[in-house]
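Sequence order for the protein chains is A and B. In terms of my numbering, the first sequence has -6 at position 2, counting the first letter as 1, and numbering is strictly consecutive. In my numbering, each number is its position in the second sequence, counted from 1, plus 3. Glycine included, each C-beta is placed from N, C-alpha and C at the ideal position. A quick write-up on the structure given underneath.
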Amino acid sequence: NAGVMQNPRHLVRRRGQEARLRCSPMKGHSHVYWYRQLPEEGLKFMVYLQKENIIDESGMPKERFSAEFPKEGPSILRIQQVVRGDSAAYFCASSPQGQANTIYFGEGSWLTVV
Amino acid sequence: AQSVSQHNHHVILSEAASLELGCNYSYGGTVNLFWYVQYPGQHLQLLLKYFSGDPLVKGIKGFEAEFIKSKFSFNLRKPSVQWSDTAEYFCAVQTGANNLFFGTGTRLTVIP
């Protein structure tokens, strides 16, 4: 859904660099989800946030990955010291307050680690 | 922990063949159920969803799905597939905590 904006659409990083993926939810949406799609695998839940609060981060790797959704500005998924295994498509989705059954997805950000 | 299983990893059909993709979930509480489609290089699009009521749900592009509570299943069907249905299909379950969990996906290839 074009309403959820992700950037960059494609990002290439060398091993050891940092990757930052941004997600601007649809207007009026206060909840953001991040998913990772590895090659030949399905979508894996990573983290669920509302503004200034992490609701569920059970899918986040314990190290190098972090996410935030500040009061102002987009949600950011940050991957430090990237490795080849981080190469994947990262999808963001958003939903309105209290209506999480209406979830809209962005077009994804493809991270390639070389 | 909740999980979503899609048993078919890759399905290959000829045009006009009928399609059924399996989806089972493990979660004891109330759930909302979804099927999403992802065309190559594109984002996820919602095909259909079930919240309550009639367990046979009709979606876009001629797809339908049936919720069978006793079997914890939500299988996707289409009577006659087209080449343009070639895509990856994801079943998803939303739990009471409003989180959304996906199956591993089924790749559908339709041969003209």
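Length of the line joining the Cα atoms of residue i and residue j
| i | j | result |
| --- | --- | --- |
| A/Cys84 | A/Cys15 | 6 Å |
| A/Val24 | B/Thr112 | 32 Å |
| B/Trp38 | A/Ile71 | 29 Å |
| B/Val40 | B/Gly65 | 13 Å |
| B/Tyr53 | A/Leu13 | 31 Å |
| A/Tyr27 | B/Lys74 | 27 Å |
| B/Asn27 | B/His10 | 8 Å |
| A/Arg76 | A/Val106 | 7 Å |
| A/Pro88 | A/Gly20 | 6 Å |
| A/Gln9 | B/Leu103 | 30 Å |
| A/Asp48 | B/Glu18 | 42 Å |
| B/His46 | B/Gly56 | 29 Å |
| B/Phe105 | B/Glu91 | 12 Å |
| B/His12 | A/Asn45 | 36 Å |
| A/Phe61 | B/Ser87 | 37 Å |
| B/Pro43 | B/Val14 | 16 Å |
| A/Lys63 | A/Met52 | 21 Å |
| A/Ala59 | A/Met38 | 9 Å |
| B/Ser6 | A/Tyr82 | 20 Å |
| B/Ser29 | B/Thr89 | 28 Å |
| B/Lys72 | A/Leu69 | 36 Å |
Per-residue DSSP class, three states only, for residue i
| i | result |
| --- | --- |
| A/Lys63 | coil |
| A/Arg1 | coil |
| A/Arg76 | helix |
| B/Ser8 | strand |
| A/Arg70 | strand |
| B/Pro115 | coil |
| A/Val(-4) | coil |
| A/Thr94 | coil |
With 16 other Cβ atoms within 10 Å as the buried cut-off, status of residue i
| i | result |
| --- | --- |
| A/Ser101 | buried |
| A/Arg6 | exposed |
| A/Thr94 | exposed |
| A/Tyr40 | buried |
| A/Gln73 | exposed |
| A/Gly98 | buried |
| A/Gly34 | buried |
| A/Ser67 | buried |
Sequence-distant residues of the same chain with beta carbon closer than 6 Å to residue i, five excluded per side
| i | result |
| --- | --- |
| B/Pro82 | Ser21 |
| A/Phe57 | Ile71 |
| A/Met18 | Gly(-5), Val(-4), Ser86 and Tyr96 |
| A/Leu30 | Ala80 |
| B/Val60 | Leu51, Tyr53 and Ala68 |
| A/Gln42 | Ser22 and His23 |
| A/Thr104 | Val4 and Ser79 |
| B/Ser76 | Asn27 |
| A/Asn(-1) | Arg14 |
| B/Gln97 | Asn35 and Leu103 |
Contacting residues, own chain, Cβ-Cβ under 7 Å from residue i (five flanking each side not counted)
| i | result |
| --- | --- |
| B/Asn78 | Glu23, Leu24, Gly25, Cys26, Ala68 and Glu69 |
| B/Leu49 | Phe37 and Tyr39 |
| B/Gly108 | Gln9, Glu91, Tyr92 and Phe93 |
Near the ligand NAD: residue i beta-carbon under 6 Å from a heavy atom
| i | result |
| --- | --- |
| A/Phe97 | The model depicted lacks the ligand NAD and carries no ligand whatsoever. |
Nonlocal neighbours in the same chain, by C-beta distance under 8 Å from residue i, ignoring five residues either side
| i | result |
| --- | --- |
| B/Leu16 | Leu22, Val84, Leu111, Thr112, Val113 and Ile114 |
| A/Arg1 | Glu99, Gly100, Ser101 and Trp102 |
| B/Ala95 | Val7, Leu36, Phe37, Trp38, Tyr39, Leu103, Phe104, Phe105 and Gly106 |
Write down every uninterrupted run of the alpha helix (DSSP H) in the region 82 to 111 of chain B whose length is 4 residues or greater and which is fully enclosed by it, in chain order. none
Along the chain, which unbroken stretches of the beta strand (DSSP E) at least 3 residues long are found entirely within the region 11 to 58 of chain A? 11 to 16, 21 to 29, 35 to 42 and 45 to 48
Residue ranges of each beta strand (DSSP E) within the region 18 to 91 of chain B, 3 or longer: 22 to 24, 27 to 29, 35 to 41, 47 to 53, 59 to 61, 67 to 71 and 76 to 81
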